[in-house]
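Novice: Structure incoming, see below.
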Amino acid sequence: MSRLSQGLLAAVGVVLAAGPLAAQSAQVGAGVLFQSYSFDDPSAASVESITVMAIPFAGTAWLGERVSLGIAGTWADGRLEDPDRGELSIQGLTDTQVTLTVSGRSGATSVSAVALLPTGVETQTLSESRVAGAVASELLPFAISNWGTGGGVGLSASSAHVVGPLGVGLSASYLVRREYSPLDAEQFAYRPGDVLRLVAAVDGTIATGTKGTLRVSLFRHRDDLADDANLFRAGDRFEVLGSIGFPLGAQSTGLVYGIFHSRDEGTYLSSDGTLSSQDLILAGGGMRSRVGRAILQPRIEARLFRRDDGVEQGYDLGVGLDVELPVGTAVMVPSVRAHIGNLEVRESVETAFTGLEFGLALRFGGAG
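As numbered in my numbering, residues -8 to 359 make up the sequence shown, in order.
The following block contains the structure:
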């Protein structure tokens, strides 16, 4: 069976199963998203265009009052038009995440076991790796960041409490990564470093109907290994997210947010090389407005990506619209977005780019 057939069958299977699942307290969804970016100066970027078609699917079923089982994954087709080599492509599933969560009696605490199934395209050709690397760019907001990283298993725990007028939440997770062979041209066993993530969040009412949220996250990685030898030490990552939600009349609400994500310098342990530290800043806003039976959600977002070495950095400005439409017991969400931006390949070498996105999602079921 082809990778395209596998992806389509997985997405269709999730949607078809939604009818009986919804009656058993479950949420199920699937969609199709098309994203394309074109560069004004292909010789500067070494790329004419990058296109991704993604088919995400997800489902959650409640196994009793305090236990839930979730699954999420994506099939994706990526294509890169190279000025010299023509079209390069990669297709297939990403890794699939399965999560089993047990909540406390009050619902304020939970513990989850996570399995990241290695369903992705583990071993890639050099051409496939070129496409996957371009899609992994921090600057361009693609729906996926990779086609598989070998899978892994992990645990997470979270707790939420009311402290005076504030809601306070804490969570911690640890993911153990699995060994795999990333390139068919070079046979070696690569194991990404295990990942520890710590999160603290607080929210509260700022004024009547207005609520603010602040979340701080820390990511720490163990060393990447190649044939059991230390290969690379990723820099720690730090993220701060702030948002404010507020009413806009009787039928609408608004949201503004900002995110700062910083990654320290990484070190190649088998050589004297380093990976430059980098920062990603996002700022955006949107609104949610009911018009008849539909809910309109216009959005705007700005992304600024900076690296200390000045290589492959730039900005992206995006505007878009989502529309929620009830269809029987389901919700259909068509979406469209447009992007403009600039990529600085290196000092004095840059190119403008434009992007378009079209999507359609379908959701069934409600919270149990």
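Even glycine gets a Cβ: it sits at the ideal position worked out from N, Cα and C.
Below 8 angstroms between beta carbons: does that hold for Pro238 and Gly200?
Specialist: yes
Novice: CA-CA distance, Ala274 and Ala35?
Specialist: 28 angstroms
Novice: On the CB-based measure, 16 or more other CB atoms within 10 Å of its CB, does Thr196 come out buried or exposed?
Specialist: exposed
Novice: What beta strand (DSSP E) runs, 3 residues minimum, are completely inside the segment 291 to 325?
Specialist: 304 to 318
Novice: Using 10 angstroms around the beta-carbon of Pro173, count the other beta-carbons present and answer buried if the total reaches 16, otherwise exposed.
Specialist: Pro173 is buried by the Cβ-count criterion.
Novice: Quick one: Cα of Ala14 to Cα of Met323, how far?
Specialist: In this prediction, Ala14 has a pLDDT of 41, which is less than 50 and means its spatial position is unreliable; nothing more can be read from the coordinates.
Novice: Which residues bound the alpha helix (DSSP H) around Ser118?
Specialist: 117 to 126
Novice: How about the segment 161 to 169 and the segment 115 to 125: do they share at least three Cβ pairs that are nearer than 8 angstroms?
Specialist: The answer is no - the segment 115 to 125 does not touch the segment 161 to 169, with fewer than three Cβ pairs under 8 angstroms.
Novice: Output needed for Leu187: all residues of its chain with C-beta closer than 6 angstroms, excluding positions within five of it in sequence on either side, in chain order.
Specialist: Tyr165, Arg211
Novice: Quick one: which unbroken beta strand (DSSP E) runs of 3-plus residues sit fully inside the segment 39 to 106? Chain order, please.
Specialist: 40 to 53, 58 to 73, 77 to 84, 87 to 94
Novice: With DSSP collapsed to three states, give me the class of Ser27.
Specialist: strand
Novice: Which word fits Leu351, buried or exposed, when buried means at least 16 other C-beta atoms lie within 10 angstroms of its C-beta?
Specialist: exposed
Novice: From the DSSP output, which residues share a beta bridge with Thr244?
Specialist: For Thr244, which the question treats as bridged, DSSP gives the partners Pro238, Arg279.
Novice: In the DSSP assignment, what are the bridge partners of Phe251?
Specialist: Val231, Ile272
Novice: Please name the residue, chosen from Gly301, Thr140, Arg281, that lies closest to Asp215 on a Cα-to-Cα basis.
Specialist: Thr140
Novice: For the segment 53 to 62 against the segment 92 to 104, are there 3 or more C-beta pairs whose distance is under 8 angstroms?
Specialist: Yes, they touch.
Novice: When DSSP labels each residue in this structure, what does Pro289 get in the three-state scheme?
Specialist: strand
Novice: If Thr342 sits next to His330, beta carbons under 8 angstroms apart, how far is it from one beta carbon to the other, in whole angstroms?
Specialist: Not confirmed; about 14 angstroms, so no contact.
Novice: Run through DSSP, which three-state label would Ser37 get?
Specialist: coil
Novice: Is it right to say Gly301 is buried, meaning 16 or more other beta carbons lie within 10 angstroms of its own, or is it exposed?
Specialist: exposed
Novice: If you count every other CB in all the chains shown that lies within 10 Å of the CB of Glu335, and 16 or more means buried, which is it?
Specialist: By the beta-carbon neighbour count (other beta carbons within 10 angstroms, threshold 16), Glu335 is buried.
Novice: Looking at C-beta atoms only, is the number of pairs between the segment 67 to 81 and the segment 37 to 57 that lie closer than 8 angstroms three or more?
Specialist: yes
Novice: Just the C-alpha distance for Leu(-5) and Val19, rounded to the nearest angstrom, thanks.
Specialist: For Leu(-5), the pLDDT reaches just 43, beneath the cut-off of 50, and the residue's location in the model is therefore unreliable, although a value from the coordinates is still provided. Between Leu(-5) and Val19, the C-alpha separation is close to 21 angstroms.
Novice: According to DSSP, what are the bridge partners of Gly264?
Specialist: Looking at the DSSP assignment, Gly264 forms no beta bridge with any residue, so it has no partner.
Novice: Are the segment 235 to 253 and the segment 100 to 109 touching, with three or more C-beta to C-beta distances below 8 angstroms?
Specialist: no
Novice: Check whether the Cβ atoms of Ser150 and Thr87 sit closer than 8 angstroms, and answer yes or no.
Specialist: no
Novice: Can you tell me whether Val153 is buried or exposed, with buried defined as 16 or more other CB within 10 angstroms of its CB?
Specialist: exposed
Novice: How would you call Val318, buried or exposed, if buried means at least 16 neighbouring beta carbons within 10 angstroms?
Specialist: Exposed: under 16 other Cβ atoms inside 10 Å.
Novice: Between which residues of its own chain and Val112 is the CB-CB distance below 6 angstroms, once the five residues before and five after are set aside?
Specialist: Gly83, Trp138, Gly139
Novice: In angstroms, rounded to a whole number, what distance separates the CA positions of Gly61 and Thr92?
Specialist: 8 angstroms
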